[in-house]
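The sequence shown begins at -10 in the numbering used here and counts up one residue at a time. Structure first, commentary second.
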Amino acid sequence: MSEFEKGADSGRYEPSRRNSLLLRFTINPTIIETVKRVEQFMSAFKPVRGMRDFLPEEAKIMRYIESQARKTAKLYGYKEIITPVVEPYELVTAKVGEEVRLRMYAFEDLSGRKVALRPEFTASVARLMATTLRNEPKPLRLFCVGSLYRYDEPQKGRFREFWQSNFELMGSDKPEADAEILLLTNYLMKSIGLKNYKFKVGHVGVLRGILSQEGLAEDTQNQAMQRMDKKLYEEAIKIVREAGASEKGIQTLQKLVNLRGEDAAKVLEDLMKAVGDYAEAVEAVKNLGEILSIVAGASEGLNITVDAGFARGLEYYTGMIFEVYVPELDIALAGGGRYNRLVELFGGEPTPAVGVAHGIDRMMLALQEQKAEVNLREAPLVMIIPVNERLYTEALRIAEILRTKNIPVEFEVMGRKVSKALEDADRRGVDHVIIVGEKELREKAVVLRDMRKKEQAIVKISELPATLKLQVS
């Protein structure tokens, strides 16, 4: 018997020749069962579908975008607030729209109250304005950032947990407020390094003005607007027709669906002609024209497409609405608009408001798609390597001295030889290494090695912070 044949039962290859060479492989059933258990274990501890982990490089980009959002908030005078992730179900379902309402993470807590993970920020901000902040002087500029949750079908750029920065300008119904939201969004997009982004702008008041004058109930209007938001225009027209709209109203809506362009003045002129018989729609067109005129005067080169048939999915919008896109992605990076009646819906005083949400993870994806060069340079990292275990305490003391001077320090905790630790530092791009040795410590000094220049020198411990900062600069 050959060695291969002897090994058949132990899981080794056993060749035999008839007309051709056949390979038979016998696997111990215990091994198969073990593999299955390992696979089940690994599958059970993957992130929940629609959620994901961000590894260090992605997390760095996310935090960079978040820092730029905070910078934008500071420059435009917005104060940060922090709202709960879990909110009352009744709060977050008010005026969010049918699609969002159906895709919320909603459940009963242990007291039996129905609650939900927040699907967006605006309802929480409106709640604050109706309660705790109701007596604050207006206007009030508020900023928040964090994670949100919707049970969407996961796809590129769309997850069930996502991150946004949110800006709300409360208390003004002037077109200058709408313009400010557009301008700060433009500033943020530009500051993170995005290219070729475009604004799509419309006005909910145009569509609602037509539908209201045609006698459609608000619920029916919402259904039609939801279809238009998804570009299901034929379904929207069908809903409007079945609700009793006139043929003139139907024809007007059909004109709006096809009316868009980058020449704002021309689109607005055509839009005004199309809605001339609808008083509320006419006022909405005038309002949109004022907003765009202010934006054009304040910022050059803002790429805007006016879309007369544009509708967003959230039901609380009452005026100007917009989204931001890049050519590389078929999803909005940001979206917002005016909502003048949401605060009073929660029992507050009538408070006109306008706001925007910026998708932090979507903006990161856009930067990656554009292969944008983002300056993520962090403070140079220093590694401290003691030559033996007896020097750990002193080496840790040196590390703490440097950290108090705002110098990032990583300590060698693997117990490796100096040569191996240096190899690891070089592989990971560490800028400087401090080698703590007995001989140098007797002189109250250490060896400072520049990993880029491959040079080293003996430096007094008391002079280390200044020496490191000088070399970095």
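All C-beta atoms in this analysis are idealised placements derived from N, C-alpha and C, irrespective of residue type, glycine included. All values derive from a computational prediction rather than experimental measurement.
Under the three-state reduction of DSSP, which class applies to residue i: helix, strand or coil?
i, result
"Ala368", "coil"
"Glu97", "strand"
"Tyr78", "helix"
"Ser235", "coil"
"Pro164", "helix"
"Ala361", "coil"
"Ser136", "strand"
"Glu269", "helix"
"Glu157", "strand"
"Val114", "helix"
"Asp296", "strand"
"Asp319", "coil"
"Glu142", "coil"
"Ala105", "strand"
"Ile396", "coil"
"Val27", "helix"
"Ala446", "strand"
"Pro375", "strand"
"Lys68", "strand"
"Gly324", "strand"
"Phe14", "Low per-residue confidence applies at Phe14: pLDDT is 48, beneath 50, and the placement is therefore not dependable enough to give any value."
"Leu129", "strand"
"Gly250", "strand"
"Arg123", "coil"
Would you kindly work out how many angstroms separate the C-alpha atoms of residue i and residue j, rounded to a whole number?
i, j, result
"Lys406", "Ala384", "15 angstroms"
"Ile373", "Val435", "10 angstroms"
"Gly325", "Leu137", "16 angstroms"
"Lys35", "Leu173", "38 angstroms"
"Lys237", "Glu88", "29 angstroms"
"Glu312", "Lys458", "44 angstroms"
"Asn377", "Arg130", "56 angstroms"
"Gly336", "Pro126", "18 angstroms"
"Ala213", "Glu272", "21 angstroms"
"Pro341", "Thr307", "10 angstroms"
"Pro316", "Arg417", "35 angstroms"
"Glu157", "Ala33", "40 angstroms"
"Ala83", "Glu97", "18 angstroms"
"Asp439", "Asp420", "6 angstroms"
"Thr393", "Asp42", "31 angstroms"
"Pro375", "Arg139", "50 angstroms"
"Ser(-1)", "Glu28", "Note on Ser(-1): pLDDT 41, under 50, position unreliable in the model; the coordinate value appears next. Rounded to whole angstroms, Ser(-1) to Glu28 spans 23 angstroms at the Cα level."
"Arg92", "Arg351", "19 angstroms"
"Arg52", "Ile349", "9 angstroms"
"Leu11", "Pro369", "In this prediction, Leu11 has a pLDDT of 43, which is less than 50 and means its spatial position is unreliable; what the coordinates show is noted afterwards. Roughly 60 angstroms between the two C-alpha positions."
Tell me, please, whether the CB atom of residue i is closer than 7 angstroms to any CB atom in chain C?
i, result
"Leu291", "No chain C appears in this structure, which consists of one protein chain only."
Which residues mark the beginning and the end of the alpha helix (DSSP H) in which residue i is found?
i, result
"Gln57", "Pro45 to Tyr65"
"Thr209", "Glu207 to Asp218"
"Glu88", "Glu87 to Leu91"
"Ile390", "Tyr381 to Thr393"
"Lys409", "Val407 to Arg416"
"Lys255", "Ala253 to Ala263"
"Val422", "Where Val422 is concerned, there is no enclosing alpha helix (DSSP H), although the beta strand (DSSP E) it sits in stretches over His421 to Val425."
"Val465", "With the chain represented from -10 up to 462, any question about residue 465 goes unanswered, as that position is not in the structure."
At which residues does the beta strand (DSSP E) containing residue i begin and terminate?
i, result
"Ile310", "Met309 to Tyr314"
"Lys187", "Lys187 to His192"
"Val437", "The sequence given here has Leu at residue 437, not Val. Where Leu437 is concerned, the enclosing beta strand (DSSP E) stretches over Ala434 to Asp439."
"Val343", "Ala342 to Gly348"
Nearest by alpha-carbon distance to residue i: which of the options is it?
i, options, result
"Gly344", "Gly426, Ala323 and Asp350", "Ala323"
"Gly160", "Arg327, Met353 and Val425", "Arg327"
"Leu354", "Thr23, Ala33, Val37 and Ala48", "Ala48"
"Ser451", "Glu432, Lys442, Met440 and Gln445", "Glu432"
"Gly135", "Gln144, Thr111 and Glu142", "Thr111"
"Arg249", "Leu260, Ile387 and Ala414", "Leu260"
"Glu414", "Leu117, Arg441 and Lys428", "The question names Glu, but residue 414 is Ala in the sequence shown. Comparing Cα positions, the closest option is Arg441."
"Glu279", "Lys262, Glu289, Gly298 and Ala253", "Ala253"
"Leu365", "Ile54, Ala168 and Glu258", "Ile54"
"Gly191", "Ile71, Val27, Lys409 and Ala297", "Ala297"
"Asp141", "Val104, Lys163 and Arg90", "Arg90"
"Gly66", "Gln460, Asp319, Gly198 and Glu169", "Glu169"
"Ala95", "Ile20, Glu76 and Gly204", "Glu76"
"Met469", "Leu277, Pro339, Val332 and Glu389", "The structure shown does not extend to residue 469, since the chain is modelled only from -10 to 462, so the question has no answer here."
"Gly39", "Gly86, Gly146, Val81 and Lys103", "Gly146"
"Leu122", "Lys103, Ile21, Arg59 and Glu338", "Glu338"
"Ile387", "Val448, Val85 and Gln460", "Val448"
"His347", "Val371, Met403, Ile181 and Ala166", "Ile181"
Can residue i be considered in contact with the ligand NAP, in the sense that its beta carbon sits closer than 6 angstroms to one or more heavy atoms?
i, result
"Tyr267", "For the structure depicted, the ligand NAP is absent and the ligand set is empty, with no information on it obtainable."
Problem set entry | Meets three-Cβ-pair contact criterion under 8 angstroms: the segment 203 to 218 and the segment 297 to 305 | Taking 8 angstroms as the limit for Cβ pairs, the verdict is that the segment 297 to 305 does touch the segment 203 to 218.
For this session: Would you check if there are 3 or more beta carbon pairs closer than 8 angstroms linking the segment 266 to 274 to the segment 174 to 187?
Result: The way I'd put it, the segment 266 to 274 doesn't touch the segment 174 to 187; fewer than three beta-carbon pairs between them come closer than 8 angstroms.
Exercise. Can you find at least 3 beta carbon pairs, one from the segment 352 to 360 and one from the segment 395 to 411, that sit closer than 8 angstroms?
Worked result: Two segments are said to touch when three or more pairs of C-beta atoms, one from each, lie closer than 8 angstroms; by this definition the segment 352 to 360 does not touch the segment 395 to 411.
Exercise. Do the segment 149 to 159 and the segment 273 to 286 meet, that is, are 3 or more Cβ pairs less than 8 angstroms apart?
Worked result: The segment 149 to 159, when compared against the segment 273 to 286, does not touch it at the 8 angstroms Cβ threshold.
Exercise. Do three or more CB pairs link the segment 286 to 295 to the segment 108 to 122 at distances below 8 angstroms?
Worked result: Judged by Cβ distances under 8 angstroms, the segment 286 to 295 makes no contact with the segment 108 to 122, as fewer than three pairs qualify.
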